[in-house]
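The structure under discussion appears below in the form of structure tokens.
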Amino acid sequence: LARFLFREDDVYKKISMLSGGERGRLALAILALQGANFLLLDEPTNHLDIPSQEALQEAMAQFSGTILMVSHDRYLVNALATQIWALENGRLRVYSGGYQNYLTVRAQEAEAVKEAAAIERKAKKAAREVQNGRSVSKNEQRKQAKALAQLESTIETTEAKIVQIGNGMQEATEAKSFAKIQTLSEAYASAEAKLEALMAQWEMMHE
761 LARFLFREDD
771 VYKKISMLSG
781 GERGRLALAI
791 LALQGANFLL
801 LDEPTNHLDI
811 PSQEALQEAM
821 AQFSGTILMV
831 SHDRYLVNAL
841 ATQIWALENG
851 RLRVYSGGYQ
861 NYLTVRAQEA
871 EAVKEAAAIE
881 RKAKKAAREV
891 QNGRSVSKNE
901 QRKQAKALAQ
911 LESTIETTEA
921 KIVQIGNGMQ
931 EATEAKSFAK
941 IQTLSEAYAS
951 AEAKLEALMA
961 QWEMMHE
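Okay, so the sequence shown: first residue is 761 according to the working numbering, each after it adds one.
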């Protein structure tokens, strides 16, 4: 019981006297005693006050098995999670690491999409000007050429990154480093998505 934060006189309390957080910890203790090695939890900290949430979180951290939980409590997720499973556009995507790492990856992807969108806007503007018969000044031509060169450089860098990640995945597979494989798989998917967006912009600029 002490492992689940029941100490001193707490061990003599009747169940009817336990708070919500204490009952949650007691349930974990019973499951651990029964030899459970997998927990499925749905919003475990809902309706608990802050001390109870902290106590339950500490008890969950003591659990030696696997925990699969659904939670909107970002503090709990960041403290305990080693993987984030997120439903995105009807598909399940797995992120290695805690909640903070999930936010970092999403921010990097959002920035890549933002860059691609900026390039797309410039390309569309140039295309409209040509279609409208507007003469393009030498300054504008230089800007377009510079934007195209930057785009092609980014494409080359992204392609090289994909090759590098692919090599890393091969090495991790040979070493049976499954955690590293998962991390690299996410990076590979992110880089491929970025390359796809960049190539779409490149094709538009060449139309």
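For every residue, glycine included, the Cβ atom is placed at its ideal position computed from N, Cα and C.
On a predicted model such as this, the values are computed, not experimentally measured, just so you know.
query, result
"Residues bridged to ARG851 [DSSP beta-bridge criterion]", "GLU848"
"Helix, strand or coil at SER937 [DSSP, three-state]", "coil"
"Bridge partner(s) assigned by DSSP for PHE798", "THR826"
"For ALA951 and LYS921, believed in contact at Cβ under 8 Å, the rounded distance", "5 Å"
"GLN817 beta carbon less than 7 Å from that of ALA976", "Since the first residue of the chain shown is 761 and the last is 967, residue 976 is not available in this structure."
"Proximity winner among ALA939, LEU944, TRP845, MET820, relative to ASN797 (alpha-carbon distances)", "MET820"
"CA nearest to the CA of PHE823, picked from LYS882, LEU801, THR933, LEU955", "LEU801"
"Within 7 Å, strictly: CB atoms of LEU958 and ILE915", "yes"
"Alpha helix (DSSP H) segment containing ALA839, residue limits", "834-840"
"Status (buried if at least 16 other CB within 10 Å, exposed otherwise) for GLY784", "buried"
"Per DSSP, cross-strand counterpart(s) of GLN843", "SER856"
"Euclidean distance between Cα positions of GLU848 and LYS954", "17 Å"
"Reduced DSSP category for ASP770 - H, G, I as helix; E, B as strand; rest coil", "helix"
"Burial state of VAL865, where buried means 16 or more other Cβ atoms lie within 10 Å", "buried"
"Rounded separation between LYS882 and THR943 - CA only", "34 Å"
"Candidates ASP833, THR918, GLN904, of which the one nearest ALA872 by Cα", "THR918"
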